[in-house]
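Please read the structure below before turning to the comments.
Numbering (this note's numbering), first residue to last: 1 to 56.
In structure tokens:
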């Protein structure tokens with residue numbers, strides 16, 4: 001799977017963008033959310049699941 005461009009890489013300055021103790025304000029993510037990274041696998045599992053759901 002290709003690496004998304006929004007992932008911080010060693011040496012790109014991401015680890016030194018903020019001073020210690022200060023919040024990070026960048027909108028870049030360190031890694032994609034699992035729901036996005038594994039969307040195809042989750043969709044395949046949902047399509048193959050034919051068991052009834054429990055009552056709420």
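A virtual CB, placed ideally from N, CA and C, is assigned to each residue, including glycine.
Subject >> Extent of the continuous alpha helix (DSSP H) run through residue 41 >> reply: Segment 39-48, the alpha helix (DSSP H) holding residue 41.
**OP:** State the DSSP-derived secondary structure class of residue 35, mapped to helix, strand or coil.
**Re:** Helix, per DSSP.
Original post:
Out of curiosity, what's the CA-to-CA distance linking residue 38 and residue 46?
Top reply: Approximately 12 Å between the Cα atoms of the pair.
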